[in-house]
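Going down the list, the sequences are from chains P and V.
Residue numbering for the first sequence follows this note's numbering, starting at -18 and increasing by one per position.
Residue numbering for the second sequence follows this note's numbering, starting at 298 and increasing by one per position.
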Amino acid sequence: MTHHRFLVESDDTELCVFVRQWFLDNLPLPPDSLTFRISVGDVSAGFDSPPIFQQPATSFYRGPDESMIIEWEGGLGTAVLDAAAPDAEIRLSTRAREHLAAAAPTFFLAVATLLYRRVGWHHLHAASLVDPQGRGWLLAGNSGSGKSTTSALLASHGWTLGGDDGVFLSREGTSVVAHPIRKKLALRKDSVEMLAALDGDFNPARGKTEFVIAHLPDSQGFVKPRFVAFLSIDGKQTRIDAVGGAKTLAQLVSWSAWVALEPRYADEHLQLLADLGRQADCYTIGLAKDVLEDPDVILNGVE
Amino acid sequence: MTTRYTKHADIRLTELEGEGIVLHLGSRRYFSVSETGLAVLRALEGGPRSSDELVEALVDEYEISKDLARPSVRGFVEKCLEAKLLSRTDD
C-alpha cells in the first residue's frame, strides 16, 4: 500500500494521520519506506556547536556517528537521523503539536529531504513541467527569479505542472528523472495581478495566494528532463542562451543546497547533477514582461 | 627534499563536457576548473603527487611538452593551495 512508504509511528494517532497524509499529498512516493518515529513532550534546547546548514525555520547539526540533527527553531522540535538508515526520531514540543500545519512544509519536509537521500533520491530546487509536446522541463532559480510565476503562466497555456518548488532526482534505467514536490503553487501579490485569469486562495501565514493546478497524471509521477532552464528576471526582452560544461554544473550545484551537507551522499548527488547536465539541453533564461504576452517565447527560444 | 601535493579530503570533483566543478564540502564553495585542472585533480585522486608527477600526468593525457605543462600545473596548484583545495607536504 502506498502509505507504507511513509511509515509514521507515534502514540498520537491524530498526529500520525496528519503527518502521513501531508506526505502523501505533497511528496513523491519514495522507492523504499521512510520511517518517522514521533513523540511529543519536552524538547532539549541548545547545541554546543554552530549549525552546519540552515533552511527556513530549521538548523542542521552533526551528531555522533555521522548522524544528523535537525532543529525546528525556537525549540519546537528536533529530529535525529541515522547516517545510513532512512529513519528519523522526532521530538515535538506540545506547542508545536498544536501547529502541525506550520511544521509540515518546513521541519517535516527538511527531515524527509534527508531521508530521501538515504534511498538515493536527491533534491534540486526547481519547478518541473511537461510542455505541450510532451517534453520534460526543469526551471531552477532563486526565490524571486520568476519560477512560480512562470510555472503558473505555462500551466495556464497548455503545459502540465509537476510542482513549482522542488524535485527529487533519481535514476530510472539510464536516465535521470525528476519527482515533483507537489506543494500548492504560491504567488506573491504582484504575480497574481499579472496572471489575472487564475483564481486562488490567499494564505495569510505565507503572505501569498495559493493555487492548486492540475498536476501530472498519476500514472506518470515523474518528469524526464529534456530541458533545464536557469531563470532570472532581467531586461526588457526575454533572453535565452544555451549553456554547458562548468557553467551548467555550477548552476545545478547552486540549486542543490543539500549536496554538501553529508559527505557520504555528495558523490551520488553530484553524479546525478552531472548526468542531468549531459541528458538535458540547458539554458539561462532572463525573463522579461514579454513572456506574459507570449509564453511561447520560451519554446521558440530552445528550438 | 620533494614537495608533494594532496587533495583535501573534503573536496569532490565532477565534470561535464570536459570542464569541471570542484565542491568543497566544508566551506560549501565551488570552483570551475578547466581541462588542465581536471587532469591534475584526477591525478591526485591516486594519492599525494609531486609537481613533476603532475606534469607527467598532463603530458600523458594531452601529448604536450613538459615545457608547456609545467607552468600550467604550477599556476593551477598555486590557486588550489590558496583556496585550500590542496595541501603541501615536504618529504
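Cβ coordinates follow ideal geometry from the N, Cα and C atoms, glycine included.
Legend entry - For glycine 143/P, the first and last residue of its enclosing beta strand (DSSP E): 141 to 144
Inset, instruction - Determine, using beta carbons only, whether serine 237/P and glycine 122/P come nearer to each other than 8 Å. - result: no
Inset, instruction - Indicate the three-state DSSP secondary structure (helix, strand or coil) for leucine 15/P in the structure shown. - result: strand
Legend entry - Contact set for aspartate 68/P: own chain, Cβ-Cβ below 6 Å, skip 5 residues either direction: Thr16
Legend entry - Nearest neighbour of tyrosine 42/P, chosen from Gly22/P, Phe89/P, Leu242/P and Ala223/P [CA to CA]: Leu242/P
Inset, instruction - For the alpha helix (DSSP H) holding phenylalanine 373/V, just list the boundary residues, first then last. - result: 363 to 379
Inset, instruction - Could you run through the region 303 to 321 of chain V and flag, in chain order, every residue whose CB is less than 9 Å away from some CB of chain P? - result: Ala306, Asp307, Arg309, Leu310, Thr311, Glu312, Leu313, Glu314, Gly315, Glu316, Gly317, Ile318, Leu320 and His321
Legend entry - Those residues which DSSP pairs with histidine 321/V across a bridge: Ile308/V and Arg326/V
Inset, instruction - For the beta strand (DSSP E) containing glutamine 252/P, list its first residue and its last residue. - result: Unbroken run through glutamine 252/P is the alpha helix (DSSP H), 244 to 260; no beta strand (DSSP E).
Legend entry - 8 Å Cβ cutoff, alanine 370/P in contact with chain V: As shown, chain P starts at -18 and ends at 284. That puts residue 370/P outside it, with no answer to give.
Inset, instruction - Determine which residues share a DSSP beta bridge with arginine 339/V and list them. - result: Arginine 339/V is not bridged to any residue.
Inset, instruction - Below 8 Å on the Cβ atoms is my guess for serine -9/P versus isoleucine 19/P; work out the distance and round it to an integer in Å. - result: 4 Å
Legend entry - C-beta atoms of threonine 39/P and isoleucine 50/P nearer than 8 Å: no
Inset, instruction - Using only alpha-carbon positions, find the residue among Thr229/P, Gly202/P and Lys205/P that is nearest to phenylalanine 211/P. - result: Thr229/P
Inset, instruction - Counting only runs of 4+ residues fully inside the region 41 to 82 of chain P, write out the alpha helix (DSSP H) ranges in chain order. - result: 75 to 78
Inset, instruction - Inspect the beta-carbon positions of alanine 223/P and serine 329/V and report whether they are closer than 8 Å. - result: no
Inset, instruction - Tell me whether aspartate 145/P is buried or exposed, calling it buried when 16 or more other Cβ atoms sit within 10 Å of its Cβ. - result: buried
Inset, instruction - Determine, using beta carbons only, whether leucine 233/P and leucine 254/P come nearer to each other than 8 Å. - result: yes
Legend entry - Closest Cα partner of cysteine 263/P within the set Pro206/P, Leu110/P, Pro31/P and Glu52/P: Pro206/P
Legend entry - the region 111 to 126 of chain P / the region 137 to 153 of chain P touching (three or more Cβ pairs under 8 Å): yes
Legend entry - Rounded distance between the beta-carbons of valine 173/P and threonine 190/P, thought under 8 Å: 5 Å
Inset, instruction - Within 10 angstroms of the Cβ of lysine 217/P, are there 16 or more other Cβ atoms? Answer buried if so, exposed if not. - result: exposed
Legend entry - Positions along the region 329 to 348 of chain V whose CB lies within less than 9 Å of some CB in chain C: Within the model displayed, chain C is absent; protein chains P and V are what it includes.
Inset, instruction - Pull up the CB-CB distance for leucine 383/V and tyrosine 302/V, whole angstroms please, since I reckon it's below 8 Å. - result: 5 Å
Legend entry - Minimum Cβ-Cβ distance from arginine 325/V to chain P less than 8 Å: yes
Legend entry - DSSP-derived helix/strand/coil call for histidine 104/P: strand
Inset, instruction - For the beta strand (DSSP E) holding threonine 130/P, just list the boundary residues, first then last. - result: Threonine 130/P -> not in any beta strand (DSSP E); alpha helix (DSSP H) instead, spanning 128 to 136.
Inset, instruction - Assess, as a yes-or-no matter, whether the region 336 to 349 of chain V is touched by the region 301 to 319 of chain V under the definition of 3 or more beta carbon pairs within less than 8 Å. - result: yes
Legend entry - Residue burial classification, arginine 187/P (beta-carbon count within 10 angstroms, cutoff 16): exposed
Legend entry - Backbone secondary structure at aspartate 199/P - three-state DSSP: Caution is warranted here: a pLDDT of 47 is assigned to aspartate 199/P, below 50, making its placement in the model unreliable, and the coordinate value is therefore given only provisionally. Looking at aspartate 199/P - three-state DSSP - the assignment turns out to be coil, as it is neither helix nor strand.
Inset, instruction - Report yes or no: is there a C-beta of chain V within less than 8 Å of the C-beta of glycine 226/P? - result: yes
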